[in-house]
Amino acid sequence: MLKNRKFIAIAVILIIASSFLVYHSFTISRNNTYEITAIFDPVNKTITAVQKTFYVNKSDVTFGELFFHIYPNAFSSEKTAPFLPDEFYKAYPEGFAPGWIQIKSVRISGKNVPFKVEGKDNTILKLSLLRPLKSGKSIPIYISYVIKLPPSVGRFGYGRYTYNITNWYPIACVYDDKGWHKDPYYILGDPFYSDVANYRVLLRAPAGYVVASTGDIKSISIDGDIKSWSIVAENVRDFAMIISNKFKVVSEKVDGITVKSYYFSQDDFGRRALKYARDALKFFSEYIGPYPYKQYSVVQADFYVGGMEYPNLVMIDGDLYTRSNIFDMEYVIAHETAHQWWYGIVGNDEVNEAWLDEGLTEYSTILYLERYYGKSIADNVFSKAIERPFEEFIASAKNTCTLRSLPQFERWEDYINLTYNKGAVMYSRLRKLVGDNIFNQILREYYSEYRYKNATTQDLIDVATKVYGKDLGGFFQEWLY
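By our numbering, the letter at position 142 of the sequence shown is numbered 145, and the numbering carries on one by one without gaps.
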């Protein structure tokens with residue numbers, strides 16, 4: 004009872020003192036910057052936060068409106084929750100209850116800004132600016148909000164062991180040559196598209212909790228029964244946290260990078276996860292290009308889907324931390340680690356070009372197996388887990404076009420075969436066509452050219468053609484359409 008009252012008091016102070024945000028600010032850069040002060044209340048399953056966003060207009064047009072994704076609202080009803088009907092019992096093992104985000108206020112220069120929550124699942128926050136924001140200019144936006152976590156063991160919510168706080172805060176919609184991307188939280192795939200940004204987060208929670216997060220934890224302090232974390236992240240596409248009072252942590256250094264394993268199962272499996280994450284990070288850094296951050300965390304979570312990537316952090320289904328699932332555990336960790344390059348460092352529109360990161364990530368996982376287990380074993384896994392299922396799928400599929408948006412996929416089977424499997428098979432064929440050395444050069448050049456940027460399918464084709472010295476447009480055309 005005392006703890007609840009204390010958290011409520013802190014939350015009220017936080018909302019009132021919205022200008023007294025994180026310890027200090029970034030120098031204004033070309034990246035958007037998010038400064039978030041948040042209170043996590045595990046009793047009431049809430050997060051109360053104040054967020055200061057330095058938004059930079061990087062377009063060549065003037066904005067009268069700005070848009071943010073507010074993904075927690077997708078969990079506000081059974082109708083909008085991003086799960087197929089036959090998966091609901093997995094996503095909500097204790098039964099459905101809503102999660103949401105309530106926007107309390109939006110202020111710019113001390114003045115209230117008109118805002119509206121819109122979209123078919125209420126996951127878009129529309130701000131009507133008091134003054135137009137010209138190209139190249141930036142503006143500080145203060146948003147206060149309260150989040151309710153649902154009892155969901157998907158990306159966002161909580162289970163028996165962990166609180167999965169991902170896709171949780173208002174994040175700016177991408178504006179590119181196609182305009183604003185205001186996509187809802189689709190059921191199939193990873194319905195996200197974001198620019199790199201900088202983050203400073205001050206989190207408060209009960210003292211018994213441990214936090215795995217994006218970025219670098221700069222300091223931890225305890226005041227009575229309240230624990231505070233100061234976290235900094237730069238040039239990342241999102242900010243995620245997994246919180247638990249049951250975590251054990253092991254870590255080691257790899258080429259100056261701290262690799263951590265957060266887990267709640269037996270020590271043997273937590274250490275195995277650390278080894279797999281370490282090996283994957285080392286291989287991809289050598290084969291593709293350097294991992295440019297100071298830490299990487301692999302986190303065992305209440306998460307039924309298998310694995311999910313976020314910058315500097317991946318969440319892994321806790322059920323994989325068993326003797327019978329060791330190979331699956333390693334494969335998923337390697338796959339999600341590859342996503343640190345394909346999605347994290349080199350970004351793309353995961354809604355409209357999902358194959359671009361998933362296909363390359365899946366084939367990169369095969370390269371990982373080849374590096375540590377030899378080509379024979381890697382080829383065997385590729386044949387049985389990727390190539391053969393894909394060939395069986397296309398034998399009866401009516402539409403095998405890979406370049407389609409997420410709402411155009413009807414089933415997980417379609418999505419997996421046409422983004423993961425077909426993409427991986429295509430890269431296998433490309434490697435045979437151009438040779439091992441050129442193939443490696445293509446990936447390294449793609450990484451170098453589009454590091455911290457968002458790439459498109461055409462960008463990848465252009466890089467491959469440039470490195471190979473011959474037009475590869477026809478090759479990609481055959482595989483993607």
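For glycine and all other residues, C-beta sits at the position ideal for the given N, C-alpha and C.
Quick one: residues in its chain with C-beta nearer than 7 Å to the C-beta of residue 93, no 5 flanking neighbours on either side, listed in chain order? 307
Beta-carbon proximity of residue 478 to residue 431, cut-off 8 Å: no
Cα separation between residue 103 and residue 199? 25 Å
Whole angstroms are fine: how far does the CA of residue 382 sit from the CA of residue 110? 56 Å
Near residue 77, which residues of its chain fall below 6 Å by C-beta distance, leaving aside the five closest residues on each side in sequence? 83, 85, 124, 126, 188
Cα-Cα separation between residue 271 and residue 65, rounded to whole angstroms: 56 Å
Does DSSP put residue 270 in a helix, in a strand, or in coil? helix
Taking the alpha helix (DSSP H) that residue 365 belongs to, which residues open and close that run? 357-376
Per DSSP, what kind of secondary structure is residue 132 in: helix, strand or coil? strand
Tell me, which residues are paired with residue 420 by DSSP? Per DSSP, none; premise fails for residue 420.
Residue range of the unbroken alpha helix (DSSP H) whose run includes residue 93: 91-94
Just to confirm, are residue 212 and residue 167 a CB contact at a threshold of 8 Å? no
For residue 316 and residue 147, I'd like the C-alpha separation in whole angstroms. 26 Å
Taking C-alpha atoms, which residue in 356, 74, 364, 318 lies nearest to residue 457? 356
Taking the alpha helix (DSSP H) that residue 223 belongs to, which residues open and close that run? Where residue 223 is concerned, there is no enclosing alpha helix (DSSP H), although the beta strand (DSSP E) it sits in stretches over 219-226.
Can you tell which of 460, 451, 132 has the C-alpha that lies nearest to the C-alpha of residue 407? 460
Burial state of residue 300 (16 or more Cβ within 10 Å): buried
Please identify the residue among 374, 323, 415 whose C-alpha is closest to the C-alpha of residue 287. 374
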